[in-house]
Each structure stands twice: as C-alpha cells, then as structure tokens.
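Residue numbers for the sequence shown follow this note's numbering, beginning at 15 and rising by one.
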Amino acid sequence: SGPDSSGFTAKITELCRCAGFEPDTVPDPYPDLGLQAIRDGLGIVVYVRTAFARQLEGSVFVPIDPLITMPFDLLWRGATNSGALEAVLNIARSLRDREGWVIASSDD
C-alpha cells in the first residue's frame, strides 16, 4: 500500500475482506521493497504481473483466480502531438470501445 496507490490498495483490501480475511498491510513505495519482503519471508505482495520479469529468483508468481481487473486513467498533455502519442491513444480508444470502458471526460 502507499499514497500513490490508494485505489489499488483499497480494491485489494476489499477483495481480501470478501474472501473472509483482513489483510495486514504496510506501505510499499517501491516494488523492490515488496519483493525483498517476500524474500525475507514477511508476507505476500499483490502487483500487476507485467511489472516484473517472467522469472525472479527467490520469488513465485501465483495468478489470482478469478482474474482481477482494475480501472486506470490515461492522461496526456493536450498541446502535445506526436505520432507515438497518437498510436497509444488509438490503441487505448480501440480497447475502450471493444471492452466498453467508461469515458471519464468529454475530451475523448
């Protein structure tokens, strides 16, 4: 948990409570600290799987079942215009339309 991930922490805490237990959380401002806590036998860490290499020595990745999805926001500077930005925005729009994601503003 941490101040920059309060929504993520709240969602994970809610899911734990729904599963019948109260998680004991501690702030983890950097992924490396969470991984070190695992290696020291201090608990588990819930992260987005793609944030790490496929294999991490001393760690085991276990998928959460059922799969958990989390909302996120995509922000960009409105005055910025580049081919790379347009490519990312086009992919995001395509995913949004295909998955039925909610649009938070009227800017697109």
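Here a beta-carbon is modelled for each residue, glycine too, at the ideal position from N, C-alpha and C.
Start and end residues, alpha helix (DSSP H) containing residue i
{"i": "VAL102", "result": "97–113"}
Buried or exposed (CB count within 10 angstroms, at least 16 for buried), residue i
{"i": "SER120", "result": "The pLDDT assigned to SER120 is 49, lower than 50, so where the model puts this residue is not dependable, and the model offers no usable value."}
Rounded distance between the beta-carbons of residue j and residue i, thought under 8 Å
{"i": "VAL59", "j": "GLY72", "result": "Not quite, the Cβ-Cβ distance comes to about 13 Å (not below 8 Å), so this is no contact."}
{"i": "PRO37", "j": "THR27", "result": "6 Å"}
{"i": "ILE82", "j": "LEU29", "result": "7 Å"}
{"i": "ARG91", "j": "PHE75", "result": "Their Cβ separation, rounded to whole angstroms, is 35 Å, which puts ARG91 and PHE75 out of contact at 8 Å."}
Beta-carbon contacts of residue i that lie in its chain and below 7 Å, excluding the five residues immediately before and after
{"i": "MET84", "result": "PHE22, LYS25"}
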